[in-house]
Amino acid sequence: MKTSGDPITRLDGPAKTTGAARYAGDQALPGQLHAVLVPSTIPAGRVTGIDARAALATPGVVRVLTASDMTRVHPDLDKITCPPLATRFLPMQGDQVLYEGQPVAIVLAERLEPAEAAAAAIRVCYQRDAFTPPETAPAEPPDPAKGDYSKSSAVTFQKGDAAAAIAAAPVRLAARYTQPSRHANPMEPSAILAAWEGDRLTVYDAVQHLPAVQGALAAVFGLGADKVRVVSPHTGGGFGAKAFIWPHEILTAMAARVVGRPVKLALSRQHMHAMVGPQPQMTHDLELGARPDGRLAGLTHATANITSVTDDYVEFGAIPSRAFYACDNITTDHRVRRGHVTLPTFMRSPWDGPGSWALGSAMDELARRLGVDPLDLRLANHADTDPESGQPWSSKKLREAYEEGARRFGWRERPRGGTRDGHWRIGCGMADCSQGQARFHSTARVRLAAEGAAVVESSFCDIGTGPATVFAQVAAEALGLDPRQVTVRSGDTDLPYSGPTYGSGTTLSTGAAVQRAAERVRGRLAALAGWAPEETTMREGRITRANESRTIQEVLGAAGLPELSSDGAFDLPGGAPVDMGEAGAPARTFGAIFVEVGVDPELGLLRLRRAVGAYSAGRILNPRTARSQMIGGIIWGWGMAAMEASHYEPKLGRWLSKDLAGVAIPVNADIPPEIEVAFVEEFDARSGPLGAKGIGELGATGVAAAVANAVYDAIGIRVRDLPITPDKLLAA
Amino acid sequence: MQDFSYARATSRAEALALAAEGDTAILAGGTELLNWLRIGIAAPGRVVDISRTPGMDGVEALPGGGARIGALTRLNDAAQHPLIQHSYPVLSQAILKSASAQLRNLATIGGNPLQRVRCPYFRAEEPTPCNKRAPGSGCAALHGFNEKHAIFGWTEDCVAVQPSDPAAALAALDAVYVTERRDADGRRIPARSFHVLPSEDPTAHTVLEPGELIVSIEIAEPATRSAYLKLRERESYEYATVSAAVVLDLDGEVIRRARIALGSVAMRPWRLDEAERRLQGQRLGGPEVEAAVDAGFAEARPLSSNAYKIRLARNAVLRTLNLATRAS
């Protein structure tokens, strides 16, 4: 029986579509109070007074907490790095205000409505300081003393002499590409319910990594991790916004401790914009030099992204320039522009998403200059080994993906750029998709009951991408069961430790732990039957060796056992919690996106007509959920290309629109049915025993560049500043 | 959101009586009122629900041509009514381009033109300089993010635009908002002057007075040669960057009369009077048509970031003229 690799439907689908799935905001405890945060209305300064008299007079209001009411964080918190802590700066530990929207008080009430009314009635007095709008601040090298983000990758990289190589190259390109800040806007805004019992804390939280929240909250209060339990059975989309521990989570747990009652906080969409970081606005300066045959002689890529005044978040957007193409002379650099703004954060797709936009556009411009097909330019620069380290990839079948994508799209037979369809001008474009592959230490337990039902237990969280289905398939395959006979329990730190649901690393990491646990159970069952495990097969509730066959029930019954339970682990070299592939075998996913757009240059309209994505992403465990992931990524990329932008208002020092009415994201009507997804056959044995890699972020890379390239193909206008809105498309 | 009391009107007389009391907000579809209450644009002590008031919904033909649409007619019911579909395609199309299908099932034709501006400074959850939110506080959009703001009729006190799609179509149709009041006679307010320009009052939205209810909307003679074009960066569920409503009266290939209203370019649906005048007697597709339309934009003035909207609106008018020609 083969179950992983089958396109089964989501096992948690019915619970989610009927509303039975309980998200953090659905949780309730007796005696709980509803919290509403009072945000700062200034971007910089100090709180000099808070008048809460009217708020406290509101019927139903129990407490108004200000900085002086909050406990101070325990020194243990200093040992928690950023990430997983989102920011070193915790509001309400003093009177300082460093961004608009920063919480300065908390209203606690018996019901949500009086809490909201009272929050609006609080009068905060400020001493205003001058503030710095981040986008126009000077670009400076990240400071390692301003948090750990700048240690996540190499800030600067140099190989050969890029400047000299470019200067000597016969074909050159220098261009700046920009992209705006974008908020993740998951369907479920962040929510948390915190409750203390003595010195034990339980939180129901919307997260992407439960043990990280457990560790951080334990450190905040100087507790052992065993004193903190985090429960998150479902998370309603994350996209990075729930990856790390943001101040509202800490403040809610503190508030619950101060008042001695459970406290529930659900951020409004507006508060979500101000209190949880976006992908930062950034600029990319690229220079490329090529030989007449198209091969890159030199490549430089320097980025600058906005960050807060408290932490240096570095969006490593130049990474693609040291990973995508073979080149002997590469220089990359990353800088930050510090201002009074919410600290930015990782968002689908971090690093490679922004970088592939800039590099994918530049390569298209270079192809035009060289007079070669953009796909041929990529083939001429195919990186057989990792350009940064010179080491062989863990696996890579990009050439096959190019071929499959081009065949399905009809790339070689595409209509000439600018072909008319009524008022529409047709254009086609393509770009590389690639994402660095993270791997995370993870563990899982598999329990097999006599009646042939299995349970998978691990603390991973399902943020809507389907791991609970895939892991049931993995266990079912090892135990010869139907996936529907496997129950997956997740989202609770009382379960075995799992790595996070970000970095596209859940399937390959936690999935490997599930597989090992299931195989261990199977080995023990065989041993109980008196057989060597490798001589047995399992199918439909029976274990079989040669002509002998016994049911699970018979074997366990004979041994007097109600169930068999085994733990499995996916361990990384050196006991690391995370790495970017096996030493000597850097891991990445690859692919290409081909799009056809229509542009109406008189009316400034841009519409997607069709898209084909072809990917080299290791073994695909469930083609149905994988296809959905990739389509979602392509739509995410379309939003980046065509409409999404969160504007920082430089005169007011705040995000201009903090809602979904003021920030457009794609709707169904924008997305044509003609989106094709293909995966090449691949098994990446170096990255993990499942042969799988991650796909959660891959699909969103490259899309914006492909769209901009298609727009150029259609009307000859090169858009280097996202999003591609009507003002940039109107014919002069 | 602050607490409020709730009352439901069971008759038109009761609705008018309740509406006449101070500190009251009227609830019809509720799709926009909820935004006001959540954001803090309005904080009424009382909400009067008129949504179940009898005799205020439905579409009927008027004697001698024309149509009357009850104010409480749901947007989708109005758009899909055969009389509106066949005789007033510009209005049917405008409604169907509004909001989302779900909202159109709830929102009313009388409530839609009362929606307030979509300027992000006006809609901010915390006060920003905005004369419509806090009279006298200024206009942050004037030198701020104003890509989607006005190109006609703005002043330094307000550069916002009225986004209603049906209102633009109704202005092109020379429709009339029929109102009633408890303490005074009702009025017949022309759709083209229902909204208030900032030169008249930068804090105002419409000419409707407190306690005055729209009870119906009346449209005169059928306008089968008419069309509505809505431009926006996404295909659905988005306000217009620019929209154009065109109603044509043709004599063969010659324009007997053209009526053109632009949406989302000013604080009210903007009739291109000069263009309309010059189009009279022009042959369709002739070179004079473009020049006539251009004349309608002579008084357009860009803000710091929205000059493109002038060209976009001009092109939208030309395209919609063609669409209207092919209608019927």
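From first to last, the protein sequence lines are chains B and F. Sequential numbering of the first sequence, starting at 1, is according to the numbering used here. Sequential numbering of the second sequence, starting at 733, is according to the numbering used here. For every residue, glycine included, the Cβ atom is placed at its ideal position computed from N, Cα and C.
Per-residue contacts from residue i into chain F (C-beta, under 7 Å)
i: B:D670; result: R966, E967
i: B:A664; result: E965, R966, E970
Per-residue contacts from residue i into chain F (C-beta, under 8 Å)
i: B:K658; result: A856, E857
i: B:M643; result: E965, R966
i: B:G60; result: Here the premise fails: no neighbours, minimum Cβ distance about 10 Å.
i: B:R607; result: E967
i: B:E113; result: M733, D735
Residue-chain proximity (residue i, chain F), Cβ-Cβ < 9 Å
i: B:L37; result: no
i: B:T795; result: Outside the shown range of chain B, which is 1 to 732, sits residue 795 of chain B, and nothing can be said about it.
i: B:G355; result: no
i: B:V667; result: yes
i: B:Q281; result: no
i: B:G604; result: yes
i: B:Q270; result: yes
i: B:A438; result: no
i: B:T772; result: With chain B represented from 1 up to 732, any question about residue 772 of chain B goes unanswered, as that position is not in the structure.
i: B:L375; result: no
i: B:L730; result: yes
Cβ of residue i within 9 Å of any chain B Cβ
i: F:E1022; result: no
i: F:R1058; result: no
i: F:P867; result: no
i: F:L1004; result: no
i: F:Q734; result: yes
i: F:T860; result: yes
i: F:N837; result: no
i: F:R1051; result: yes
i: F:Y853; result: yes
i: F:N767; result: yes
i: F:A872; result: yes
i: F:G762; result: no
i: F:R744; result: no
Whether residue i touches residue j by CB criterion (9 Å)
i: F:D781; j: F:R744; result: no
i: F:G885; j: F:P930; result: yes
i: B:R610; j: B:I715; result: no
i: B:G696; j: B:T385; result: no
i: F:A972; j: F:L963; result: yes
i: F:S783; j: F:A752; result: no
i: B:A513; j: B:T625; result: no
i: B:A692; j: B:V663; result: no
i: B:A67; j: B:T252; result: no
i: F:E912; j: F:L794; result: no
i: B:D311; j: B:K146; result: yes
i: F:R1000; j: F:S948; result: no
Residues that residue i contacts on chain B, provided the C-beta gap is smaller than 9 Å
i: F:R914; result: Within 9 Å Cβ-Cβ: nothing; F:R914 doesn't reach chain B, min ~31 Å.
i: F:G772; result: A120
Proximal residues of chain B, C-beta to C-beta of residue i below 7 Å
i: F:E879; result: D727
Amino acids of chain F, ordered along the chain, whose beta-carbon sits closer than 9 Å to that of residue i
i: B:A117; result: M733, Q734, D735
Residue i CB to nearest heavy atom of the ligand PLP below 8 Å
i: B:A438; result: Only the bare structure without any ligand can be found here, which leaves the ligand PLP out of the picture.
Per-residue contacts from residue i into chain B (C-beta, under 8 Å)
i: F:A747; result: None at all; the shortest Cβ gap to chain B is about 27 Å.
Per-residue contacts from residue i into chain D (C-beta, under 7 Å)
i: B:L267; result: In summary, chain D is missing from the structure at hand, where the protein chains are B and F.
Which full runs of the beta strand (DSSP E) of 3+ residues lie inside the region 469 to 528 of chain B, going along the chain? The region 469 to 528 of chain B contains these whole beta strand (DSSP E) runs: 486 to 489.
Whole alpha helix (DSSP H) runs in the region 352 to 416 of chain B with 4 or more residues, listed along the chain? 352 to 370, 374 to 380, 398 to 409
Tell me which residues of the region 968 to 997 of chain F have at least one Cβ-Cβ distance to chain B shorter than 9 Å, keeping chain order. S968, Y969, E970, Y971, T973, V974
Give the residues from the region 1032 to 1047 of chain F that approach chain B closer than 7 Å (Cβ to any Cβ), ordered along the chain. Y1040, R1043, L1044, N1047
Between the region 551 to 584 of chain B and chain F, which residues of the former have CB atoms less than 7 Å from a CB of the latter, in chain order? For the region 551 to 584 of chain B, the set of residues with a beta-carbon nearer than 7 Å to any beta-carbon of chain F is empty.
Residues of the region 622 to 655 of chain B with Cβ closer than 7 Å to any Cβ of chain F, in chain order: A642, M643, H647, E649, K651, L652
Can you give me, in chain order, the residues of the region 7 to 31 of chain B that have a beta carbon less than 9 Å from any beta carbon in chain F? So the list is empty, because no residue satisfies the distance condition.
List in chain order: all unbroken alpha helix (DSSP H) runs of 4+ residues lying wholly within the region 631 to 718 of chain B. 703 to 715
Considering only residues of the region 1003 to 1041 of chain F, which uninterrupted alpha helix (DSSP H) runs meet the minimum length of 4 residues and lie entirely inside it, listed in chain order? The region 1003 to 1041 of chain F contains these whole alpha helix (DSSP H) runs: 1005 to 1011, 1019 to 1028.
Any chance you could list the beta strand (DSSP E) runs of at least 3 consecutive residues sitting entirely within the region 898 to 985 of chain F, in chain order? Qualifying beta strand (DSSP E) stretches, in chain order: 908 to 912, 920 to 922, 945 to 951, 958 to 963, 974 to 983.
In chain order, which continuous runs of the alpha helix (DSSP H) of length 4 or greater are located wholly inside the region 246 to 274 of chain B? 247 to 259
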